[in-house]
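Asker: Note that the sequence shown ends on residue 314 in this note's numbering; no numbers are left out.
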Amino acid sequence: MSRIHEALKRAEQERATSQGGHLEPLHTTEGPVMDPIQASTVVEHPPVAPSTGIPPFSNPFTFDTLLARCAQTNWSPDAKSMLFFNSDERKYGVEEFRTLRSRLYQLREKMSLKKLLITSALPKEGKTFVAANLAQVLVRQHGRRALLIDADLRGARLHQALGTNFTPGLSEYLLGESDEFSIMQRGPMENLFFVPSGRTVSSPAELVANGRLKFLLNRVEPLFDWIIIDSPPAVPVSDASLLANFCDGVLIVVRSNTTPFDIARKARQEFEDKHLVGVVLNGIEPDSSPYSRYYYGSYGNKETQETIQG
Ligand SMILES: Nc1ncnc2c1ncn2[C@@H]1O[C@H](COP(=O)(O)OP(=O)(O)O)[C@@H](O)[C@H]1O
Ligand SMILES: [Mg+2]
């Protein structure tokens with residue numbers, strides 16, 4: 005065993021002993037919120053015993069460390085709604101997700117865009133569907149890495165769509181119980197990583213706003229080309245607008261013939277202009293448009309702007 009490994013092991017043991025063998029959870033709803041840097045330092049940077057004279061642990065966030073430490077899990081993606089897990093390129097939607105990808109790259113030329121929040125006004129409009137398929141189409145391009153995060157702590161469904169475990173996940177990280185690597189999984193698709201929601205918690209809005217999510221995103225951001233975040237509906241609860249503050253952009257999903265106009269407009273008003281990057285019109289009947297079953301419009305597009313802003 006190397007000296008560094010020995011020192012780290014000893015420090016880990018000392019830390020475990022001083023904390024009664026486990027990490028203290030963060031306070032979330034009551035009491036002080038632990039400073040995220042301090043909290044994560046506890047998790048990720050065990051202090052080295054002073055007597056060894058070995059310098060502090062260097063930044064462990066490399067892609068190799070991620071590959072070595074995140075769980076390799078078996079996924080059974082839902083064959084009907086997950087469009088890119090097999091080679092059938094003729095499925096409805098595949099081409100539209102490619103178009104969406106191109107539009108995002110066009111936007112990226114004008115703004116910094118990596119952390120993208122997917123939301124909509126109401127439940128069942130296709131947020132999870134869009135988030136999951138967008139992450140898949142992004143990693144279809146050679147060498148691109150994406151992290152998909154289920155931040156819908158109220159109605160988590162991404163793990164079901166991908167057919168994998170929901171825990172440990174985001175809620176365990178936000179509670180200070182798990183570190184960055186142990187909540188990440190990778191499945192059968194190369195370069196696609198997933199953070200599931202974690203277990204159900206009683207106060208999701210407080211948890212997503214406690215500072216640790218921002219810290220998580222800052223830490224893992226250098227490892228990925230895209231971070232796609234699924235969220236709860238924006239109108240009934242505040243989580244999505246809180247999450248938007250940690251992201252570079254927000255995509256709003258509107259379900260064709262379903263989302264009421266005034267509710268779509270209300271959802272749009274939950275976000276600052278600078279965060280809004282576009283709208284995905286989801287679920288257009290194949291027959292209703294000869295060219296496209298989904299329509300993507302940027303907020304820079306006058307027609308879309310007038311429609312949503314009213
Ligand atoms: N364009 C679509 N084509 C096929 N199924 C879809 C489409 N959009 C959504 N669905 C399905 O509709 C259901 C609700 O979508 P979901 O993405 O879970 O909504 P939300 O995340 O907004 O609550 C899911 O079963 C999903 O697979
Ligand atoms: Mg959902």
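Note that the Cβ used here is the ideal one computed from N, Cα and C, for glycine as well.
1) Could you give the DSSP three-state label for Gln145: helix, strand or coil?
2) Ends of the alpha helix (DSSP H) at Ser201?
3) Identify whether Arg94 lies in helix, strand or coil by the three-state DSSP scheme.
4) Could you compute how far the alpha carbon of Arg94 sits from the alpha carbon of Met86?
5) I'd like to confirm something about Asp234: is its beta-carbon nearer than 7 Å to some heavy atom of ligand 2, or not?
6) Tell me the DSSP secondary structure of Asp229 in three-state form.
7) Could you pull the start and end residues of the alpha helix (DSSP H) that Leu211 belongs to?
8) Can you tell which of Thr262, Phe89 and Leu138 has the C-alpha that lies nearest to the C-alpha of Phe101?
9) Closer than 6 Å by C-beta to Val134: which residues in its own chain qualify, once you throw out the five before and the five after it? Chain order, please.
10) Taking 7 Å as the cut-off, does the CB of Thr132 come closer than this to any heavy atom belonging to ligand 2?
11) What is the residue span of the beta strand (DSSP E) that Lys119 lies within?
12) Is Lys128 near ligand 1, going by C-beta to nearest heavy atom under 7 Å?
13) For Leu152, which three-state DSSP category applies?
14) For a test of the three-state rule: what should DSSP assign to Asp277, helix, strand or coil?
15) For Phe265, count the other beta carbons within 10 Å of its own beta carbon; 16 or more makes it buried, fewer makes it exposed. Which is it?
16) Quick one: give me the first and last residue of the beta strand (DSSP E) that Val258 is part of.
17) What span of residues does the alpha helix (DSSP H) with Lys218 cover, start to end?
18) In this structure, how does DSSP classify Ala268 when only helix, strand and coil are distinguished?
19) If you measure between the beta carbons of Asp234 and Lys114, is that distance less than 8 Å?
20) With distances taken Cα to Cα, identify the nearest neighbour of Val98 among Val141, Phe170 and Glu276.
21) Taking 7 Å as the cut-off, does the CB of Ser245 come closer than this to any heavy atom belonging to ligand 1?
22) Compare the beta carbon distance of Ile231 and Leu151 with 8 Å and say whether it is the shorter of the two.
23) Check the DSSP bridge columns for Arg190 and list the partner residues they point to.
24) I want to know whether the stretch 245-255 touches the stretch 165-172 - three or more CB-CB distances under 8 Å.
25) Regarding Gly167 and ligand 1, is the C-beta to nearest heavy atom distance less than 7 Å?
Answerer: Put simply:
1) Three-state result, Gln145: coil.
2) Segment: none, Ser201 is in no alpha helix (DSSP H) and carries neither H nor E.
3) The answer is coil: DSSP assigns Arg94 none of H, G, I, E or B.
4) A straight line joining the alpha-carbon of Arg94 with that of Met86 spans about 13 Å.
5) True, at least one ligand heavy atom lies under 7 Å from that Cβ.
6) Asp229 sits in coil when the DSSP states are folded into three classes, being neither helix nor strand.
7) Going by DSSP, Leu211 is part of the alpha helix (DSSP H) stretching over Pro208 to Val212.
8) Of Thr262, Phe89 and Leu138, the residue nearest in Cα terms is Leu138.
9) Here the set comprises Ile122, Val257 and Val284.
10) Checking the Cβ of Thr132 against ligand 2 gives yes.
11) Note, Lys119: beta strand (DSSP E), Lys119 to Ser124.
12) Distances between the C-beta of Lys128 and the heavy atoms of ligand 1 include at least one below 7 Å.
13) It is a strand residue.
14) Correct three-state label for Asp277: helix.
15) It counts as exposed.
16) In the DSSP assignment, Val258 falls within the unbroken beta strand (DSSP E) covering Gly253 to Arg259.
17) Note, Lys218: alpha helix (DSSP H), Arg216 to Val224.
18) Shown here, Ala268 sits in a helix according to DSSP, grouped into three states.
19) No. Outside cutoff.
20) A check of alpha carbon separations from Val98 across Val141, Phe170 and Glu276 identifies Val141 as the nearest.
21) No - ligand 1 has no heavy atom lying nearer than 7 Å to the Cβ of Ser245.
22) Less than 8 Å separates the beta-carbon of Ile231 from that of Leu151.
23) DSSP output for Arg190 lists Gln76 and Phe197 as bridge partner(s).
24) No: the two stretches stay apart, fewer than three of their Cβ pairs being nearer than 8 Å.
25) Gly167 Cβ: outside cutoff for every heavy atom of ligand 1.
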